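*Asks:* So that we are looking at the same thing, I have put the structure below in structure tokens.
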Amino acid sequence: LSLATVYKNIILMVENGVLVEVPIEGQKAKYELSKDDHIHLVCTECGEVEDRPHNSSADALFSSMREEENFTLRKQQINLYGVCAHCQEAKAS
């Protein structure tokens with residue numbers, strides 16, 4: 009299986025909605041399966057990306073956009089950047 013074939017298949021899966029690209033600042037392109045909307049917690053120390061479901065605050069923001077701004081959301085992608093618990097513990101010791 010050639011690398012070109014892999015890339016072509018990734019593009020095809022993105023075009024068909026099977027995969028979505030997850031742009032992470034300072035990192036190469038990442039892809040994940042299309043799934044329920046969620047938030048990415050990105051560690052600026054180790055680069056780890058953790059998926060978290062939307063909480064009530066995110067849901068309130070999206071609701072506000074729909075109702076107050078008369079804006080139809082088609083896709084939400086939120087990346088929050090900070091330091092993960094593991095890296096915080098490593099720095100503390």
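Positions 9 to 101 (the numbering used here) are the ones given, in order, by the sequence shown.
Glycine residues also receive a C-beta, built at the ideal position from the N, C-alpha and C atoms.
Note that the coordinates shown come from a computational prediction; the quantities given were computed from them, not determined experimentally.
1. What residue range does the beta strand (DSSP E) around Cys51 cover?
2. Does the structure place the stretch 16–32 close enough to the stretch 42–57 that three or more beta carbon pairs sit under 8 angstroms?
3. Need the endpoints of the alpha helix (DSSP H) that Ile19 sits in, please.
4. Tell me the rounded alpha-carbon separation between Asn24 and Gln96.
5. Is the CB-CB distance between Tyr39 and Leu27 below 7 angstroms?
6. Can you tell which of Val50, Cys51, Ala37 and Val22 has the C-alpha that lies nearest to the C-alpha of Cys43?
7. Under 6 angstroms Cβ to Cβ from Pro61, same chain only, skipping five residues before and after it: list those, please.
8. Helix, strand or coil for Arg60, going by three-state DSSP, please let me know.
*Replies:* According to the data block:
1. Along the sequence shown, one-based indexing puts residue 51 at 43. It spans His46 to Cys51 - the beta strand (DSSP E) in which Cys51 sits, taken as one unbroken run.
2. yes
3. The count along the sequence shown starts at 1 and reaches residue 19 at position 11. Note, Ile19: alpha helix (DSSP H), Leu11 to Glu23.
4. Within the sequence shown, numbered from 1, the residue matching residue 24 stands at position 16. Within the sequence shown, numbered from 1, the residue matching residue 96 stands at position 88. Each residue's alpha carbon lies about 39 angstroms from the other.
5. If you number the sequence shown from 1, residue 39 lands on position 31. If you number the sequence shown from 1, residue 27 lands on position 19. Yes.
6. For the purposes of this step, residue 43 is taken as residue 35 along the sequence shown, with counting starting at 1. For clarity, residue 43 is Lys in the given sequence; the question names Cys instead. Comparing Cα positions, the closest option is Val22.
7. Numbered from its first residue, the sequence shown carries residue 61 at position 53. Same-chain partners within the cutoff: His46.
8. As a working note, residue 60 is residue 52 in the sequence shown. Strand.
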